[in-house]
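Below: one structure, written as structure tokens.
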Amino acid sequence: MDRRRFLVTSLAATGSSVIPLSPAIAGSGELRIGLTAVVVREYARFFRDFRRYLGLRTGRAVTFVQRRTYADIMDLLSRRELEAAWICGYPYVQKRDPEYLSLLVAPIYRGAPLYRSYVITPSDSPARSIDDLRGRVFAYSDPDSNSGYLVPRATVAEAGYDPESFFRFTFFTYNHAETVAAVADRVADGGAVDSYVYDLVTKYETHLARRTRVLASSRTYGFPPIVVHNSLEPDVTERLRATLVGMSDDREGKELLGQLDLDGFKVVKPSLYDSIRDLATRLAARSGKREVVTK
Amino acid sequence: MKLPRPPSLSLMTKVPLTVTVVVFASALLMGLVVIDRDWNRQKATLETQTLTLARATAAAGRMHIVNGDVWALYRILRQIRERSPADDGLAPVVEAAFLKADGTVLAHSDPRNNPVGLRLKTADRLGAARLQYALKAGSAQLLPDELQSQGYIDAVAPISVDGVPVGLLLLRGSTVGLAAQMKRDAAVVLTFALGLALVMSMFGALISRRMVRPLQELAAGLDAVGRGELPVSRRPRRPGRDEIEQLNRHFGNMVDELAEKKNLERELAQSERMAGLGRFAAGLAHEVNNPLAGMLNCVNILSRRADEPELVRKYVSLLETGLRNISTTMQALLGELRGEKAVTTTCKAGCLQDIEAMVRSEIGDRPIVLEWNADMSDFRDFAVRCTCPHINQMVMNLATNAIAVMPEGGKITFSSRRTGDSLMIEMGDTGPGMDEATMGKLFEPFYSSRPGGTGLGLWITYRIVQRMGGSIRVYSKPGKGTRFVITLPLVSARDIENGENIHAA
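Next comes the structure, spelled out in structure tokens:
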């Protein structure tokens, strides 16, 4: 098993943030970065290296905080128990009043800060389109995931069905890689996953991916960003942003990026995530429910 | 129906065979008993493990059922299946499922065939009964025996929240691994039993060799004794403590004694033969010497008074009588000795009837009663190898003796009858009888217990009986009379038809 798969699986869902170092407060505050639940324990070396890398350059002790769901991480952020997090675009566009999160950077994957949502099925499934999954069992990743929840539901809705009743049974795996496993084991007849994670599973857990195939692929959306809490000192925020953006320029940073299969991090405009917001708004309007609260 | 008798085997085969069979059977039996016990114990352990696993799994799934987190439930099932390979001592789980209280599948270890959100499918009536029972189960338990399937252990653990049932866990363990292990154990036991039997059969062969060899030697020795040979006496190599060696020693002693006895007999026979020869020579000398004294006297007188014709005539006549006596004796002796070859002619036993008259005339007017009882009714097709004169001579010899020993009178009884394949002739008298010493020399030539006897009559009778293939016995005690019994073999007339001369006497 390759540890990068799990790293990426978790990082793709949440994020990390760093507070810039100033002489007065150096070492005074811990930089807590949220991730979703993964088996971090087994990848202790990557996180040790990554913590040290970020700590040296930001002047803050870095801690990675793991929770199983996006909601748990968002909750910690709202209570300012995290300074930064790697979250999904969907939670990012949800309305907060007052807004306490700022977009820090977005990962660059295969040359752009973009990814897609895949609907996958078991490799021997007779389904030819999402329509064929009607009345079947479907696995979502997380109720706050864009690629693993919002996109497939919107797709079903745009095809004229009620996403609540289109599938006979749905469940959450709270992890994109687990969704691939659920489909491969045929617990679900179909599942929605992050294209970035699926690519990594294909690359590093070939035996698992081989038992599935991509049924449908969505348009591109903004890659899950790294956000910081607004209360974080601006200089720390800037130092963290600079550190992440500069990773692709030094050998150690490149090595860490290589383990995540990412090209680097770049500063993006919030408008990169407008398409997700539009999707959520349209779905809410169509289903007549207040499915998403957008900014 | 009679079973064919098994071929008689030698101890050399029987002992190792018996040991082998007994050892193999006991080793096998013990091994199987142990395996059976082990099987029951292991199965009980497996059942306990299955139940414990069911309880623990149900507890682990409780909150996920409440949360509807079917993926977490599935992961639990996947873990207990992955973590219970057949050989780590835990019950190998072949099937597991979390169900809602109404039987709907929440998670199943075989999701392809048991999709979530549908009621659990049951393959047969037993499966349906199992599900019915499980849905009603009030506590974690193994399903009752009548609901269990061969090779599996089924357990159910109900899950409830605040007393309200929310679901249950079904767990099916397999005893296939256990059965395979038992088969391996059985193979080991069988191999062990066979090996032990092999070793013990070799041991048995060794023992039987050591036990049987002296017996075989003993048997060979007894066989030699039976044939009349005397084997070299075998002494045990060491003083015998066991029965076979004691037997061997006794046999050795017996052989030694037999050899000694045979030697003695040979010596006795030799000395008797010499003594008999001595007596024969003495009798012959006496027979010749007796008339010789008178004849020498005659010659002496004749040489002195040869001129007396009257006297010469008288003495020459005496000489002639003496010489004739000697000649008669010599002729009888030579005649008897010449006729030693076996009699080949036969005569019908009926000829005996003619002898009665001869005996009666011999008795004459002596005060002797003759009781003649010759039963000839049974001899139609039989004959005796003899000649009539022989039979007559035999009977007359005995009768003459009987008459001679009873000068004061008495009774003579004669009888002849058939007993089986023999003709039995008996002649008894009421005379003075004989002592043992007399009886011992009775059939020797020139032995006579009365004055004037030649001593050849009974000797000749004895030789005739011998030549006819028969036997003669004498029963007598002083004062109790004497009885002779002659037994002669009969020949069937059919056997003698071809070419043999039959005397119809």
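As they're listed, the protein sequences go chains S and G. For our numbering, add 11 to where a residue sits in the first sequence, where the first one is 1. For our numbering, add 270 to where a residue sits in the second sequence, where the first one is 1. Beta carbons: idealized from backbone N, C-alpha and C, even for Gly.
Asked	Found
Exposed or buried, what is G/K747 when buried is set at 16 or more other beta-carbons lying within 10 Å of its beta-carbon?	exposed
Per DSSP, what kind of secondary structure is S/D13 in: helix, strand or coil?	Because S/D13 carries a pLDDT of 43, less than 50, the predicted location of this residue cannot be relied on, and no value is offered for it.
To which residues of the same chain is G/G387 closer than 8 Å at the C-beta, ignoring the five residues directly before and after it?	T374, V375
Indicate whether at least one CB of chain S lies closer than 8 Å to the CB of G/W341.	yes
Alpha carbon to alpha carbon, how far is G/A457 from G/I423? Give it in angstroms, no decimals.	25 Å
Just checking: is the beta-carbon of G/G331 within a distance shorter than 8 Å of some beta-carbon in chain S?	no
In its own chain, which residues sit with a C-beta less than 6 Å from the C-beta of S/P154, not counting the 5 before and 5 after it?	Y160
Which class does G/D424 belong to by DSSP, given the choice of helix, strand or coil?	strand
Would you check if the distance between the CB atom of S/V279 and the CB atom of S/A117 is smaller than 8 Å?	yes
When you check each C-beta in the segment 134–158 of chain S against every C-beta of chain G, which residues fall closer than 9 Å?	R147, V148, A150
Do G/T320 and G/G443 have their C-beta atoms within less than 8 Å of each other?	yes
Using the C-alpha atoms, what's the distance from S/V76 back to S/T292?	31 Å
According to DSSP, which residues form a beta bridge with G/K584?	G/K584 pairs with nothing; no bridge assigned.
Measure the CB-CB distance between S/F184 and S/S134 and report whether it falls below 8 Å.	For clarity, residue 184 of chain S is Thr in the given sequence; the question names Phe instead. Against a cut-off of 8 Å, the Cβ pair of S/S134 and S/T184 comes out as no contact.
Under the DSSP definition of a beta bridge, which residues are partnered with G/T689?	G/S692
Whose C-beta lies closer than 8 Å to the C-beta of S/G171 among residues of the same chain, with five residues either side of it excluded?	none
Can you tell me the Cα-Cα spacing of S/P109 and S/S242, whole angstroms?	12 Å
In chain order, what residues of the segment 85–105 of chain S put their CB closer than 7 Å to some CB of chain G?	none
So what's G/N384 in DSSP terms, helix, strand or just coil?	coil
Is DSSP giving G/K750 helix, strand or coil here?	coil
Can you give the Cα-Cα distance for S/P163 and S/T190, rounded to whole angstroms?	13 Å
Give the residues of chain G in contact with S/V198, contact being defined as C-beta atoms less than 8 Å apart.	V340, W341, Y344, A377, P381, V386
Using only CA atoms, which one of G/G751, G/V629, G/E578, G/E487 lies nearest to G/G680?	G/G751
If you count every other CB in all the chains shown that lies within 10 Å of the CB of G/K453, and 16 or more means buried, which is it?	exposed
Work out the CA separation of G/I429 and S/A72 for me, nearest whole Å.	45 Å
Could you tell me which residues DSSP pairs with G/M709 in its beta bridges?	Per DSSP, none; premise fails for G/M709.
Can you tell me whether G/P381 is buried or exposed, with buried defined as 16 or more other CB within 10 angstroms of its CB?	buried
Less than 8 Å separating the beta-carbons of S/L88 and S/A82?	no
Report yes if the CB atom of G/G749 is closer than 8 Å to the CB atom of G/N671, and no otherwise.	no
Closer than 8 Å by C-beta to G/G564: which residues in its own chain qualify, once you throw out the five before and the five after it? Chain order, please.	L588, G592
Listed in chain order, which residues of the segment 182–195 of chain S have Cβ atoms closer than 7 Å to some Cβ of chain G?	F182, F183, T184, E189, A193
Could you give the DSSP three-state label for G/T445: helix, strand or coil?	coil
With 16 as the cutoff for other CB atoms within 10 Å, does S/T132 come out buried or exposed?	buried
Is any beta-carbon of chain B found at less than 8 Å from that of G/M452?	Protein chains in the displayed structure are S and G, and chain B is not among them.
Since G/K532 is in the beta strand (DSSP E), which residue starts that stretch and which ends it?	Unbroken run through G/K532 is the alpha helix (DSSP H), 513–574; no beta strand (DSSP E).
For G/L607 and G/G725, what's the separation of their Cα atoms in angstroms?	15 Å
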